[in-house]
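No gaps in the numbering here: position 186 of the sequence shown is 186 in the working numbering, and each next residue is one more.
In this text, a Cβ means the ideal position worked out from N, Cα and C, and glycines have one as well.
The structure appears right after this line, and notes come after that.
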Amino acid sequence: MPIRPAIIGNWKMNGSGKEVKLVSRFADFLDKHKIAADVMICPPATLIGRAGGAIKGSKLKIGAQNCHVAASGAYTGDVSASMLKDAGAKAVIVGHSERRAGYDETDKQVRQKAQAVIEQGLQSIICVGETRQQFNKGQTLQVVGRQLRGSIPSSATPQSTLIAYEPVWAIGSGRTPKPADILRTHAHLRKTLLKLHPKEGAKFKILYGGSVSAANASDILALENVNGALVGGASLSFKDFTTILRSV
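Structure representation (structure tokens):
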């Protein structure tokens, strides 16, 4: 059975109350058009409740961009997976390269976060990706394989966990790897998943992220083992994001 694609918009630290209207427009679009994909927007934590409330009953889902490993406690400024669930989130991105680099998050911490997300009945979206230096040295497969093995919980299932390959050097740069490079990396991630989960490794969604745009989405989504996209800046544009959705 073919894997149903997923298109996920990551707004990062962008958006205010007025962007809730954009979420509503996306929801209306999905109600009016037959899009063969699961679609989600991950706004800043401050907008999760408002965005979710504005699209109740819609096909569009709301996710979060990060969480703490603990369910509660003395962690000033942090938010737990249970809190995000209470706010209306259906999934949580963990291990994004901006978190790994800016906050020194390790594979172990990412795995703990993913486990915390899964325990709340939410989907974990685990990100992996190499730096430009690692890419130039031909270390991509080694790096993403290690990250995946270290970041995915043993309890992960195709229903609870999505994998997103985001080459660090491509994010926000307007540059993307060559199709052959994406193809090779996704094939390696699939092979790794099959080793970790022999019975269900073929069923996990593997998304591509990193300067996904209205112009290149169709070509990227047509590649083998690319089961959707994690979209950054383009998900803040109604025209660009809906063009990507039509590309599925």
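If residue i and residue j are in contact, beta carbons under 8 Å, what's the gap, nearest whole angstrom?
i            : j              : result
glycine 95   : cysteine 127   : 5 Å
alanine 81   : valine 92      : 6 Å
isoleucine 3 : lysine 205     : 6 Å
valine 231   : valine 212     : 5 Å
valine 144   : leucine 189    : 6 Å
tyrosine 165 : glycine 209    : 7 Å
glycine 172  : glycine 233    : 7 Å
leucine 47   : lysine 90      : That pair is no contact at about 14 Å.
leucine 207  : isoleucine 163 : 7 Å
With a CB to CB cut of under 7 Å and the five nearest residues on each side skipped, what residues in its chain are close to residue i?
i             : result
glutamine 147 : Asp107, Val128
threonine 140 : Glu130, Gln134, Thr185
valine 79     : Ala45, Cys67, His68
threonine 192 : Gly145, Leu148, Arg149
alanine 70    : Ser80
With a 10 Å radius around its C-beta and 16 neighbouring C-beta atoms as the bar for buried, classify residue i as buried or exposed.
i                 : result
arginine 100      : buried
threonine 176     : buried
arginine 111      : buried
glycine 174       : exposed
phenylalanine 238 : exposed
threonine 76      : exposed
glutamate 105     : buried
valine 12         : Going by the sequence as given, residue 12 is lysine instead of valine. Lysine 12 is buried by the Cβ-count criterion.
glutamine 120     : buried
glycine 17        : exposed
alanine 317       : Limits of the chain in this structure are 1 at one end and 248 at the other, which puts residue 317 out of reach.
lysine 56         : exposed
asparagine 14     : exposed
asparagine 136    : exposed
alanine 85        : Sequence inspection shows lysine at residue 85; the alanine mentioned does not correspond to that position. So lysine 85 counts as buried.
So, for residue i: in the same chain, excluding its five sequence neighbours on each side, which residues have a beta-carbon less than 8 Å away from its beta-carbon?
i              : result
leucine 60     : Val23, Phe26, Ala27, Leu30, Val39, Met40, Ile41
isoleucine 118 : Ser124, Pro153, Ser155, Ala156, Ser160, Thr161
threonine 243  : Ala214, Ala217
alanine 37     : Arg4, Pro5, Ala6, Ile7, Gly228, Leu245, Val248
glycine 49     : Ala87, Gly88
By DSSP, does residue i sit in helix, in strand, or in coil?
i              : result
leucine 148    : helix
valine 212     : coil
serine 80      : strand
alanine 87     : helix
lysine 32      : helix
leucine 230    : strand
glycine 63     : coil
valine 248     : coil
isoleucine 48  : helix
valine 23      : helix
glycine 15     : coil
glycine 9      : strand
isoleucine 220 : helix
What does a CB cutoff of less than 6 Å around residue i pick up in its chain, not counting 5 residues either side in sequence?
i             : result
serine 151    : Gly95, Asp107, Val110, Arg111, Ile126
alanine 51    : Val20, Val23, Pro43, Ile62
glutamine 65  : Cys42, Ile93
valine 168    : Ser97, Gly129, Thr131
alanine 114   : Val94, Ser124, Ile126, Pro153
proline 158   : Glu200, Lys203, Phe204
aspartate 240 : Ala214, Ala234
Taking 8 Å as the line, does the beta carbon of residue i fall inside it for any heavy atom of the ligand MG?
i         : result
serine 80 : With respect to the ligand MG, the structure offers nothing, as it holds no ligand at all.
query: In chain order, which continuous runs of the beta strand (DSSP E) of length 3 or greater are located wholly inside the stretch 159-208?
result: Listed in chain order, the complete beta strand (DSSP E) runs (minimum 3 residues) inside the stretch 159-208 are 161-165.
Extract the residue ranges of the beta strand (DSSP E) inside the stretch 90-146, only unbroken runs of 3 or more that lie entirely within it. Listed in chain order, the complete beta strand (DSSP E) runs (minimum 3 residues) inside the stretch 90-146 are 91-94, 123-128.
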